[in-house]
Every structure is written in C-alpha cells, then in structure tokens.
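Q:
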Amino acid sequence: MRNRKGIFGHRWIALAAVTLCGALLLAAVLLGARIASPVAYAGPIPPPEGRPKLTLSLKTVTPTLISTGGMTLTYEIEVRNTGAYATTGATLTDHIPDATTYNGDAQASEGLPEFDAGSSTLRWVGDVGFDSTITIRFSVRVAPAFSGTVRNTAVISHPLLAGPVTVTAEAVVTDQPILAIEKTSAPDKPGPGKPLTYTLVVANLGQPAADLPVTVVDAVPPNTSLGDVGTDGVPGGDIVTWTRRVTLGLGERTVFTFSVDVDAVPSGTVLANADYWVTSPGIGTAYGEPYTVTVVDPILSISKHVWPDPPGSNREMTYTLTVFNAGSLAQGLIVTDRVPSGVTYQRGGSETGGVVSWSLPSLDTAEAVDLTYTVYVSDVMNVAVVNDNYGVCCDEGVCQEGSTLTNVVRGPVFQASVNLDPIAKGPGGGNKPVTPTLVVRNLGPGNARDAVAVSFFYQISVQESDLYADPPIGTFQAPVSCSEGDLKCEYFVWQGDLDYGQAVTFTTYTGQNTINPVPYTATVVITDSLGNAVTDPVTGTASGQVMHRASLGPLKSAPPVVGRGRLLTYTISVWNSGLSTEEPPTPWLLDYVPLSTTVVHISDGGVSRTLTGTTILSWTLPSMSTGERTERSFTVGVHDDLVSGTQIVNEEYAAYWVSKGTIYSNTGQAVTTTVRDVGLIDSYKEVLPLVASPGDVLTYVLHIVNSSAIDLNGVEVDDVLPWEASTYQRDAVASAGKVTSDIVSLRWEGSVAALSSETVTLTVRIDPDYRGALTNTAKIQHPDLLNEVEVQAVAYSADTPAFRVLKLASPDRVEEGDELVYTIRVINLGQRATNLLVTDTLPTNVEYVPGSATGGGELVGDLLRWTIPVLEPGESRTIGFRVTVLGGNRVVNDHYAVRCAEGVIGVGAPVVTPVGDDAGQIYLPLVLRGGP
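Everything in the sequence shown is counted per my numbering, starting at 1 for the first residue and increasing by one.
(1) Any idea if Arg410 is buried or exposed, counting beta-carbon neighbours within 10 angstroms, 16 or more meaning buried?
(2) Roughly how many whole angstroms lie between the Cα atoms of Gly43 and Ile704?
(3) Do Tyr509 and Tyr458 have their C-beta atoms within less than 8 Å of each other?
(4) I need the DSSP call for Asn103, collapsed to helix, strand or coil.
(5) Can you say whether Gly906 is buried or exposed, counting buried as having 16 or more other CB atoms within 10 angstroms of its CB?
(6) Here's the rule: buried if 16 or more other CB atoms are within 10 angstroms of the residue's CB, otherwise exposed. What is Trp866?
(7) Got a sec, what are the start and stop residues for the beta strand (DSSP E) Pro361 sits in?
(8) In this structure, what does DSSP give as the bridge partners for Asn828?
(9) Residues in the same chain with beta-carbon distance under 7 Å from Pro266, minus the five sequence neighbours each way, listed in chain order, please.
(10) According to DSSP, is Glu816 part of a helix, a strand, or is it coil?
(11) Would Ser455 be called buried (16 or more neighbouring beta carbons within 10 Å of its own) or exposed?
(12) Leaving out the 5 sequence neighbours to the left and right, which residues in its chain are closer than 8 Å to Val343 when beta-carbon positions are compared?
(13) Along the beta strand (DSSP E) that carries Ser350, what are the first and last residues, could you check?
(14) From Lys53, Ser119, Leu250, Ser301, pick the residue whose C-alpha is nearest to that of Thr133; which is it?
(15) In chain order, what are the residue ranges of uninterrupted beta strand (DSSP E) at least 3 long that sit wholly in the region 534–584?
(16) May I ask you to list the residues that DSSP assigns as paired with Thr55?
(17) Rounded to whole angstroms, how far is the Cβ of Leu786 from the Cβ of Ser876, which I believe are closer than 8 Å?
(18) Count the other C-beta atoms from every protein chain shown that fall within 10 angstroms of the C-beta of Asn706, then say buried if there are 16 or more, exposed otherwise.
(19) Looking at the structure shown, is Asp116 part of a helix, part of a strand, or coil, going by DSSP?
(20) If you count every other CB in all the chains shown that lies within 10 Å of the CB of Gly22, and 16 or more means buried, which is it?
(21) How far does the beta strand (DSSP E) with Asp591 in it extend, from its first residue to its last?
(22) Return the CA-CA distance between Pro914 and Asn889, expressed in angstroms with no decimal places.
(23) Keeping to the same chain, check which residues put their C-beta closer than 7 Å to that of Asp604; ignore five residues upstream and five downstream.
(24) What does the Cβ neighbour count give for Met381, buried or exposed, with the cut at 16 atoms within 10 Å?
(25) To the nearest angstrom, how far is the alpha carbon of Val462 from that of Phe506?
(26) Just to confirm the assignment: which complete beta strand (DSSP E) runs, minimum length 3, are found wholly within the region 118–205?
(27) Which class does Trp748 belong to by DSSP, given the choice of helix, strand or coil?
(28) What are the boundary residues of the beta strand (DSSP E) that Glu858 is part of?
(29) Report the residue from Ala773, Gly237, Val260, Gln502 whose alpha carbon sits nearest the alpha carbon of Gly230.
(30) With a threshold of 8 Å, are at least 3 pairs of Cβ atoms found where one atom belongs to the region 184–192 and the other to the region 234–252?
(31) Looking at C-alpha atoms only, which residue of Val649, Val439, Thr581 is the closest neighbour of Val675?
(32) Output the distance between the C-alpha atoms of Ile35 and Phe146, rounded to the nearest integer angstrom.
(33) Ala793 by DSSP, collapsed to three states: which one?
(34) Quick one: what does DSSP say Gly679 is sitting in, helix, strand or coil?
(35) Measure from the alpha carbon of Ala842 to the alpha carbon of each residue in Asp682, Thr878, Leu886, Leu205, then state which is nearest.
(36) Which same chain residues, not among the five before or five after Glu367, have their C-beta less than 8 Å away from its C-beta?
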C-alpha cells in the first residue's frame, strides 16, 4: 500500500474536486441415471487425419470339418472398414486352395468378383465405404480322394493401408478322428525337492469319436521320481500309461495328469520330456512336442523404506520391508531386522533382544509381502540412523540380505509471523489499544520438545495477565525488562512442546497501551535445543506507527475467474488503522473501472463519471473511527469478445481523507481476474483400466460438467475415438441428451443444468497386435464458449513393463553453495515390473548431501542407486536426494534411468538448473559482414 501526502496524481485531481463538491466458483458433479441413447452416424474423417482400416476383416469356412469323397466348402469373406475413411478401389485376391475346384459361384454385396482360371485366383476390386462391410461368398469342391487340411488365404490391399491385410480359414477333410496331444505343467517354476504336476490334453481335431479306445504314454522325466498317476494311470518303470475309452466331438478334449517329485537338483536344471504320445487302433499315433521346464530355487529379494522420509526427531518412524520371490515356492520364511541404534522399538512383528522377526508359511512365485514395524526417534537431529542388518531366509536354504538403509533425522523447522492491530494508532491507551498476535509453527518433520519462543515487545506495555497462548500449551515465564534508555522493552519466554504441523498463537485478551514517541514493535524468536544440536533461531516481527492522523487502507476482492459476457462484482473494504476521521469533509473513495468492462451497478449511492474515455466511480464515506471498516461494491459486465485467458486488472483505486487541511490517500493492491470459459471448462474424461493388454476392453467415461450457476442449453461434444489402435463397441450410453456415433467418432447434444453434469460412457477393444498409448480426445462446444474445451484420457496397451521417468529440480535457479533438491518419479505404464533398479549419476559440479537420499537410496561412487522389488501396472514411486552446488554456470543432470528384471529400460529427460544470475552475462549480436 502506498501512502502519499498531497495530490495523488493529475487524473485524480478532477475527481477529488468533483467528489468533494458533489459525491467462488462452485463445481459439483451430479450424475444422473444412465439411459440408453440412440445411435446414428457422425461422419468420416478425411485424409490425412483419417484413413481406412481393414485389419479386422475376417474369413470363415462352412463347414470346418468334412468327410472325403468330394464335398463342398463355402467361404465368406467380410472386408470390414473400421477406419475413419472409405477405401476406393480396394483389391482382394484369393488363390483357390490346392486339391479343390472353384464352383464359379462367387458373389459380393457390391461389385462382381472375377476368376482367373490360369492362376486359379479369385479377384475383387471395389469400394469399402466408411463404417461399412463388403461380403464376398464363393464355394469350392474338394477332390474326392483328398484328406488333410484345406487352408485358404485372401489378401486385401489398398494404397492408404499401412500394409496388406491377410485373412485365412481352414477346414479339415477326414473320415476318421484326428487326435492331438499337448502338455503343460504346474507350477511354472518348480523347485528342487518340490512336487510338479504334468497335464496332458488329448483333443479330437477330426470326425466325432464314440467310445474310442485310446492309450496315452508319457515318460517320467529324469531327475524326478514318480508320484500320483491318477485313477487310471499305470506306472511301469520310467513310463506312465493310461488306457481309456473316450467320446470326443470336434474340438473336444480329455485330460490325463500325473505328478512327480523333483530331485534335489541344482537350480537351473532343465527337466526335459520329449517322449509322450497318444495312440488308437485304426487311427494311428500322435506325438507331442518336446516339453521342458526349468527347476529354480526360490529367488528372494528384500528391500526397505521408511515413513516419514526423512524421519523427524521426537516422533515415530515406521519401517516397511518388502519381500519378493521371483523363483519357485518358498516355504517357512523367517524375516529378521535388527533395530538400529539410536531408535527405540515400539511395535510390529515380534521383538526379542533388539531383533524384530516375522514368520511366513510360504511365498509363491511372483508374490510379494510387506512387513512393518515402528520405532521411536529420540531428541536428536542431523544424526544418521543406519539399518544394515536385515534379511530373509527360507526352509529351502535360500537367504538374502537387504542393502544398507541410511536415514538422517531432521529436527523441527519453524516458521514465525507477527501481526499488530492496528499498525497505526494515536498515542496512549484508553480507546486506542494495540493487539499483538504472534504465531509460531512447526513445519516438521521433527517434533519440538521444550521449544523456547521469546516474545519481545518494544514500546508496547503488555500486561502479564493479558498474555496467553492458543491453544493453551506450554508455560510463560515472568516478563524480563530489556529497556535501553528511552526504548521501553520487555520480553516473555514461552517454553513448550510443538509437534510437526502444530502452531501456537501468543496474543492478549485486550488491546495494550503503547509508549510514545517511536514506532512500536513486536518480535518473536523460536528455537529448540535437542540432545545434540540447537535449531537455528527463526524470527518474525511487525512494527506499527504511533499516528496523529487517520490512515484509510482500501483492499479489493473479486472472483479469480469470470466468463466472457458475465457479470463481475468488485468489493472494496476500507479499514482505518489510524486515528478517527473527525475533520471534515468525510473520506471518499475513487476507483477506475478496468478496460473491457461496462458498469451495471454501483452500491451505496456511488457516482459514475467519464473522464477522457475512462469511467471513474466515487463514493462518499462516513466518518471512520480507529479500527472501523466499511465496504463498497460495484458490478461490471465483461465484454463478450474477450479471449479466454485475458486478464482484467483493476489497479487504480484509492481512499482519501483530510487531516489538518492536508489531503492524504492510500492506494490498494491490484486485483486481477482472468477471463475463462467458465461453465464447461471443468469437464473431464477418464479411462479404466489405465494399463491393459492387447485385445482388452477399455471403458471411457466423459463427464460434461457445468460449474456455472446458469443452465447451459445446446451443448455439443465431438469425441474422436482412438480408432487407429482400437475398435468402438457401439455401446455408448448417456445420462441425458442425444448420442450419435459411428465406428470412429461420437457426438453428444444436450443441456447441462447449473452446477451439474452429464456423462457419456463407451468402450473400445484394443487391437490384438497394438502396444502403446491410446488417447481419446473430446471437444466440447457451446455458444458461450469462445474456444472449445478439450478433454483427454490416455490408456496404455502393453504386455511388458513400460516406464516413464520424470525428474524435478528445486529451486529452478540456484547460487553457488546452495542446496538443490532432486525428485524422481518412476511410473509403470505397462505390466508388472519386478526387481527394479533406479540409478542417477551425480552431475560434475555438485556434492551429494550425505544421507539425503529418500526411499532407501545409497551412493556408490558417483552413482545413486535405489531398488524397488515390485511396481504394479499404473503404480508409481517417488524418490529424491539433495546436492550442494559447487559452482559453474549450470547443473546438468542427464544420466538417470530405471531398469527391471523383465529387461525394460526407461530413461528420463535432462534436467538443467542455472547457477547464478543470467543478468551478468552479455550476449553480443550477430553481424553479417560482406552481405548484400
């Protein structure tokens, strides 16, 4: 606030004379009941944004199983265009299979297929419209003597396609059942000395078989001993035989199982089983493919992190141990952790002799478990708590120790502030008191025990009986004089506990007298003496002036955002922090109306004047006593041609008063309101699941949110689906309104009530061969929107882990000797990742702050390392560390990455932090010499 004696400025002179002579945004989402919506077509997307997509075309054959003797097979090809644009002149080529004869009966839903007898090829050329399907049918006659599989492949091509599309159908020609056999085993990772179950599946791929005698034989793998063979299995030496009569239709199966006990072989031993078959009289023998499974020990890993991180003094700290098994089943696990020195065990696990332990009956393959215990950190700070003696062992004899975890305890971090009310007053007490308010806060992470806060009062006569703490914690000592000469000073010492996040306020029940003639001041200083260190003192202070006149301070408020064409109300609060305005004339208030607005209402009899194209408002204020406050307001209409993002700044307003014949004024701080397309800008879209596999279904939900206080009619939404990598399932439903859609896009039209929302829900199926991001973008339009609102939701298709690595540096500019804080976030946008290793190489011109790595990080040479046992799909982990800047012009951190046991690596982008002030650098202009 600026205080000026005399005239405020030439633009204010005329207004002063005239006056002397004559004068939050609420957002709520109310989801309605979902109802089915009519489906129509919204229209294609022309190239280059749109293109045809024929990859979901298919071919079928009827029947799929025939006898010999020259039967007929009928093929049907559906050329499906699920892309965004039509194909003009698509070509389908189908070579008639060997051992068949084309029947000359090809037909198409559009166009006429042509047959080339010389190459025995059927060819169709035609258009496949947007969101349409062309069907082609033809038949062949199989050679009477042929038996086996008839395989027919058609190729579809077009210049706008990424490549040819092939579709295939197979039919089996036989007079007999066709037996096939395959094998699986469980568990996927057997352990030495553990059971292993084999499952043999016999399927019929030929003619139906009724009461067919079959014999299945399987050799017991080396390095195993035979266990259970089932009710009809017969062991014989190193083989197992099953004899069974089965009835199997086409595609039906029957199952045979047996189990073995794996010998105590070394981890990595391969159990090979290549000799197994099924035979039946008159049909023959079918052999299975060689089958192997690898024996592995349990592969255990153990890691640890703490909360809070970093830990704080005088409070609890919780250790979380994560045990992960990447190998075979582990049984009888014992996890132990020796409580580090310097902390005291509280709870969790079973503690004996300073060792915390847990017993786990088993931990299966790819299974993880979290174990926790809590300790208490004493009254220390800047002390490293080293945890280097923890691990896990199992009955199989596998043991794994954890890496050393070092956490540096931090003490309390204080914040102090002081306020004096009023900040300007007349001399003496009576009806002109001063109320001091001193606040100290502990930002953590440590708790303060017996912290000391000293409150100094200069030229303020604070009565001991009036001073109190809120909340009523700690104790005050008797005041102590610190006066020097004419400077009156007393201080009060408060001592008490202040936990992290807690604040205490020191104030008085009533206002206190001041002493002339110098300014009066209140100061608070807080510190804490811990067992091994003392925190740096933190100070807050405020001063006030003994006044001999009034002091009117205007303060303006307005909504932070407003819609174009909407009403905007300004409220001005005028507070008198000085003496009463007893001298006539009474005070007055002036305000320049900001550009791009039009006045529609002025409160309390305010007057509007236009001077040189500028609208100025004025109010005559009543006489105001010390501490009195009064408010005035006015409303403007925001011009409807403003672009979203335009800032309306109201910075010229002032309160005037007269004291002893002199005009004084105070101006208020500027208030800025940003023009935004309110009403629909809070709309959003979400998708589940965030991470999926190829072929999975994604569910998108569009929330059309009206956060304004008026109903919105005629809202339109255009939603382009991720058609390049998925197929819309034509299932959109909306809570209200009308939905029209086609295979690649959706349109919604309707109304959204004030402070309400509508939803549109739909699903897409990810293409079976697609891996990557799927982005669904919707654009919302309304007559009141100058720019359309765009909302997005992104899902990821992956069959392996996929990492995004982000890093932030704080502050964004440093000086030599400053600390720089790095925060790394690892996000898994793919499938489950195991045994992650995050690394970060220290930049050249920094020094690592010992013990500052969070999340269990450790420094090896110049490389920081973190281990994370498991990161599930969509899960993230945040870690960090601090460095001290040693010099240079900038700090470049560009060597950090994450890798996992699945072989996936994620790398982050370089982070550059300037050192010092660029203002001291001179950039010379480029001069072209010898030019034209």
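By construction, the Cβ of each residue, glycine as well, lies at the ideal position given by its N, Cα and C atoms. No experiment lies behind these values; they were computed from the predicted model shown.
A: The short version:
(1) Indexing the sequence shown from 1 puts residue 410 at position 410. Buried, since its Cβ has 16 or more Cβ neighbours within 10 Å.
(2) The residue you call residue 43 lines up with position 43 of the sequence shown. The residue you call residue 704 lines up with position 704 of the sequence shown. Straight-line Cα distance between these residues: approximately 22 Å.
(3) Residue numbering aside, residue 509 sits at position 509 when the sequence shown is read from its first letter. Residue numbering aside, residue 458 sits at position 458 when the sequence shown is read from its first letter. Contact flag unset, no.
(4) Looking up residue 103 in the sequence shown gives position 103. Coil.
(5) Position 906 of the sequence shown, counting from 1, holds the residue named residue 906. Answer is buried; the Cβ neighbour count reaches 16.
(6) Taking the sequence shown and counting its residues from 1, the one referred to as residue 866 is at position 866. Trp866 sits buried, since 16 or more C-beta atoms from the chains shown fall within 10 Å of its C-beta.
(7) By 1-based counting over the sequence shown, the position of residue 361 is 361. Where Pro361 is concerned, the enclosing beta strand (DSSP E) stretches over 355–363.
(8) Translated into positions along the sequence shown, residue 828 becomes position 828. DSSP lists Phe803 as partners of Asn828.
(9) The count along the sequence shown starts at 1 and reaches residue 266 at position 266. Counting only Cβ-Cβ distances below 7 Å, and skipping sequence neighbours, we find nothing.
(10) The count along the sequence shown starts at 1 and reaches residue 816 at position 816. In the three-state DSSP reduction, Glu816 falls in the coil class, being neither helix nor strand.
(11) Position 455 of the sequence shown holds residue 455. With 16 or more other Cβ atoms within 10 Å, it is buried.
(12) Sequence index remark: in the sequence shown, residue 343 carries index 343 (1-based). Met317, Val375, Tyr376, Val377, Ser378, Val385, listed in sequence order.
(13) The residue you call residue 350 lines up with position 350 of the sequence shown. That run of the beta strand (DSSP E) goes 350–352.
(14) As a position in the sequence shown, residue 133 is number 133, starting the count at 1. Minimum Cα distance to Thr133 is reached at Lys53.
(15) Within the region 534–584, the complete beta strand (DSSP E) runs of at least 3 residues are 538–546, 552–557, 567–576.
(16) One-based indexing of the sequence shown puts residue 55 at position 55. Thr55 is not bridged to any residue.
(17) Reading the sequence shown from its first residue, position 786 is the one you call residue 786. Reading the sequence shown from its first residue, position 876 is the one you call residue 876. About 36 Å separates the two Cβ atoms, so there is no contact after all.
(18) Here residue 706 refers to the residue found at position 706 when the sequence shown is read from its first residue. Asn706 comes out buried.
(19) Numbered from 1 along the sequence shown, position 116 holds the residue referred to as residue 116. Asp116 falls in the strand class under three-state DSSP.
(20) Walking along the sequence shown from the start, residue 22 turns up at place 22. With a pLDDT of only 35 at Gly22, under 50, the local geometry of the prediction cannot be trusted, and the value read off the model is given with reservation. Exposed is the call here.
(21) On the sequence shown, residue 591 is found 591 positions in, with the first residue counted as 1. Unbroken beta strand (DSSP E) run through Asp591: 588–592.
(22) Taking the sequence shown and counting its residues from 1, one reaches residue 914 at position 914. Taking the sequence shown and counting its residues from 1, one reaches residue 889 at position 889. If you take the alpha carbons of Pro914 and Asn889, they lie about 6 Å apart.
(23) For the purposes of this step, residue 604 is taken as residue 604 along the sequence shown, with counting starting at 1. Take Asp604, set aside five residues on each side of it, and the residues of its chain with a beta-carbon closer than 7 Å to its own are Trp619, Arg632, in chain order.
(24) Along the sequence shown, read from residue 1 onward, the residue named residue 381 stands at position 381. The residue is buried, with at least 16 neighbouring Cβ atoms inside 10 Å.
(25) For the purposes of this step, residue 462 is taken as the residue at position 462 of the sequence shown. For the purposes of this step, residue 506 is taken as the residue at position 506 of the sequence shown. Those two C-alpha atoms are separated by around 12 Å.
(26) 121–128, 133–142, 148–157, 165–173, 179–186, 195–204
(27) As a position in the sequence shown, residue 748 is number 748, starting the count at 1. Three-state DSSP puts Trp748 in a strand.
(28) The sequence position of residue 858 within the sequence shown is 858, counting from 1. 858–860 is the extent of the beta strand (DSSP E) around Glu858.
(29) Translated into the one-based positions of the sequence shown, residue 230 becomes position 230. The residue with the shortest Cα to Cα distance from Gly230 is Val260.
(30) no
(31) Here residue 675 corresponds to residue number 675 of the sequence shown, with the count starting at 1. Looking at the Cα atoms, Val649 is the closest of the given residues.
(32) Here residue 35 refers to the residue found at position 35 of the sequence shown. Here residue 146 refers to the residue found at position 146 of the sequence shown. Bear in mind that the predicted position of Ile35 carries a pLDDT of just 31, short of 50, making it unreliable; the figure below should be weighed with that in mind. Each residue's Cα considered, the two are about 56 Å apart.
(33) Start at 1 with the first residue of the sequence shown, and residue 793 comes out as number 793. Ala793: strand per DSSP, three-state reduction.
(34) Within the sequence shown, the letter at position 679 stands for residue 679. Three-state DSSP puts Gly679 in coil, outside helix and strand.
(35) Looking up residue 842 in the sequence shown gives position 842. At residue 842 the sequence reads Leu, which differs from the Ala that was named. It is Leu886.
(36) Residue mapping note: residue 367 aligns to position 367 of the sequence shown, counting from 1. Hits under 8 Å: Phe324, Asn325.
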